[in-house]
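Visitor:
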Amino acid sequence: MKTVTVNYFALFRDRAGCSSEQVSTSASDALALFTQLRERHGTDDPRGHCKVAVNDVMADWDIEIQDGDVVLFFPPVAGG
Amino acid sequence: MKTVTVNYFALFRDRAGCSSEQVSTSASDALALFTQLRERHGTDDPRGHCKVAVNDVMADWDIEIQDGDVVLFFPPVAGG
Amino acid sequence: MSLPDFDHPMAITDTDIDAVRLREHLFDHSAGALVTFEGWVRDHNEGRNVISLDYEVYRPLAIAEGARIIAEVSQRVGVRQVLAVHREGALELGGCAVWVGVTSAHRDEAFVACREIIDRIKVELPIWKKEYYTDGDSGWVNCERCASHGHSHGHDHTHAHR
Amino acid sequence: MSLPDFDHPMAITDTDIDAVRLREHLFDHSAGALVTFEGWVRDHNEGRNVISLDYEVYRPLAIAEGARIIAEVSQRVGVRQVLAVHREGALELGGCAVWVGVTSAHRDEAFVACREIIDRIKVELPIWKKEYYTDGDSGWVNCERCASHGHSHGHDHTHAHR
Chain Y
3 MKTVTVNYFA
13 LFRDRAGCSS
23 EQVSTSASDA
33 LALFTQLRER
43 HGTDDPRGHC
53 KVAVNDVMAD
63 WDIEIQDGDV
73 VLFFPPVAGG
Chain P
3 MKTVTVNYFA
13 LFRDRAGCSS
23 EQVSTSASDA
33 LALFTQLRER
43 HGTDDPRGHC
53 KVAVNDVMAD
63 WDIEIQDGDV
73 VLFFPPVAGG
Chain L
10 MSLPDFDHPM
20 AITDTDIDAV
30 RLREHLFDHS
40 AGALVTFEGW
50 VRDHNEGRNV
60 ISLDYEVYRP
70 LAIAEGARII
80 AEVSQRVGVR
90 QVLAVHREGA
100 LELGGCAVWV
110 GVTSAHRDEA
120 FVACREIIDR
130 IKVELPIWKK
140 EYYTDGDSGW
150 VNCERCASHG
160 HSHGHDHTHA
170 HR
Chain H
10 MSLPDFDHPM
20 AITDTDIDAV
30 RLREHLFDHS
40 AGALVTFEGW
50 VRDHNEGRNV
60 ISLDYEVYRP
70 LAIAEGARII
80 AEVSQRVGVR
90 QVLAVHREGA
100 LELGGCAVWV
110 GVTSAHRDEA
120 FVACREIIDR
130 IKVELPIWKK
140 EYYTDGDSGW
150 VNCERCASHG
160 HSHGHDHTHA
170 HR
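Residue numbers (the numbering used here), protein chains in the order written: chain Y, 3 to 82; chain P, 3 to 82; chain L, 10 to 171; chain H, 10 to 171.
#1: Quick one: which unbroken beta strand (DSSP E) runs of 3-plus residues sit fully inside the segment 80-157 of chain L? Chain order, please.
#2: Using C-beta distances below 6 Å, list every residue in its chain close to Y:VAL8, excluding the 5 sequence neighbours before and after it, in chain order.
#3: For P:PHE14, write down the residues that DSSP places opposite it in a beta bridge.
#4: Taking the CB atoms as reference points, tell me whether Y:ALA84 and Y:HIS43 lie closer together than 8 Å.
#5: Expressed to the nearest angstrom, what Euclidean distance is found between the alpha-carbon atoms of H:GLY110 and H:LEU35?
#6: What residues from chain Y crowd round L:GLU101, counting only those whose CB sits closer than 7 Å?
#7: If we cut at 8 Å on Cβ distances, does H:ASN151 have a partner in chain P?
#8: Applying a beta-carbon distance threshold of less than 9 Å, which residues of chain H neighbour L:TRP49?
#9: What does L:ILE127 reach in chain H if we use C-beta pairs closer than 7 Å?
#10: Mapping DSSP to helix, strand and coil, what is H:ALA40?
#11: For L:ILE21, list the residues DSSP reports as bridge partners.
#12: Just the chain L side, please: which residues come within less than 7 Å of H:ARG124 by C-beta, in chain order?
#13: Kindly say whether H:ARG57, judged by its beta-carbon, lies nearer than 8 Å to any beta-carbon of chain L.
#14: Using the three-state DSSP reduction, which class does L:THR167 fall into: helix, strand or coil?
#15: Span of the alpha helix (DSSP H) holding L:ALA28?
#16: Rounded to a whole number of angstroms, what is the C-alpha to C-alpha distance between L:HIS38 and H:ASP128?
#17: Note down, in chain order, each residue of its chain lying with its Cβ closer than 6 Å to the Cβ of L:THR45, except the 5 sequence neighbours on either side.
#18: Does L:VAL66 have its Cβ less than 8 Å from a Cβ in chain H?
#19: Report yes or no: is there a C-beta of chain Y within less than 8 Å of the C-beta of L:HIS95?
#20: My assumption, with CB atoms under 8 Å, is that L:THR112 sits in contact with L:LEU31. Please give the rounded CB distance.
#21: Hey, L:ALA40 and H:ARG51 are a contact pair by Cβ (cut 8 Å); roughly how many whole angstroms apart?
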């Protein structure tokens, strides 16, 4: 098991009831971690409309998750 | 013969040495009048890059010229 | 406000965007064209009456992604300079949410670059908009539907709001 | 300066264009987008070093043709408001020669309309530009070649300067 920090934004934060939490996970990649937490953020499949960043770098959903990572889950954006 | 007022602008005015003159003409249309005055404004054929207005309305080169008209000859424009 | 400069062309600010000062910062005797875009808080969206907005921004990545987009577009299109600022926090009706200014020698490049940069700011930066309506309701724009559907439907729906 | 208004959206002025005031005149709670274009006097053109410009304008038709273009584009594209001003007389380097501002509900319309209006202002209005160069020479932009050729060569050459 790895321990990672997950940060939620906007709608995801509202649903999770917190902006950040420590998570124990065996997920190999960001998509698996996101799916493990579906009860928290309320979304089944993020691909195509949600984004992920790891350690402040934008990432693909198949990025490997390592112990100590800070993982940011971004719901669909709407700037401007 | 008709008498018309011809106004020259920019390069045409520089070449004609005046901004306005009275002209006696038998020209039936604006193109014929322009051709009659080629020694004044220095251009053989205005079509495609010069414009004409008659009595403060933009016109086509085949517009009929009438006694008393005020004819404006515009060299190629370059706004902006 | 937090002002951008040519080394840091993308800024996020939680105070009013000063469009007058931004424009003056772009003055340049070798530029023949300036194109600016401003996004304003509009009193309606998708048939609902809006009274205010709240922008949430994840600053580190909004600034980095904005700078990356500006650098990439500037080099490819060939412009003189770009500055861009996006608001964070609460805005009232008529408020300026985002400002983008581009200078170039000729106007085509400034139009093309300004359009691409604002298009990409709106869909690539981690910025979220919550709308407050006259009926007392509120909601994250484009989020509820997308996220609850939970399927991959491409960008048409996600980016419908401009 | 002579200011345009929504009933007379095209103005000609022989004093400085006040871009700050023009922008404020377009503020509108039902508009979500403002796109502006400014044309500035650039220090070079076609490989020559420019020191100043002189614009000659035939005001009655420049104002009428500008208003006609703005009305036609506004209706077809679907925008909120347009204001445009063109300078007459002498300008120094960096001076603002022309300003166009367009508001609309969504940004696509403002970009499209602003671009078309400035494109047409530059080729349809009776306005002529004389450039003065650092070597003491001067000339009407695009006029000598066109007029002395005296043939109908279409618009490519005439409109090469932007």
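Cβ coordinates follow ideal geometry from the N, Cα and C atoms, glycine included. Everything numeric in this text was worked out from a predicted model, so none of it was measured.
Guide: A quick look at the data gives this:
#1: 90-96, 98-101, 105-113, 136-142 and 147-149
#2: GLU23, VAL25 and VAL73
#3: Looking at the DSSP assignment, P:PHE14 forms no beta bridge with any residue, so it has no partner.
#4: Only positions 3 to 82 of chain Y appear in this structure, which leaves residue 84 of chain Y out of reach.
#5: 8 Å
#6: In chain order: nothing, as chain Y lies at least about 17 Å away.
#7: yes
#8: PHE36, ASP37, HIS38, ALA40, GLY41, ALA42, LEU43 and THR112
#9: ARG116
#10: coil
#11: L:HIS95
#12: PHE120
#13: no
#14: Reliability fails at L:THR167, whose pLDDT of 35 lies under 50, so the model's placement of it is uncertain and no value is given.
#15: 28-34
#16: 22 Å
#17: GLY110
#18: no
#19: yes
#20: Actually they are not in contact, since the Cβ atoms of L:THR112 and L:LEU31 sit about 12 Å apart, beyond 8 Å.
#21: 7 Å
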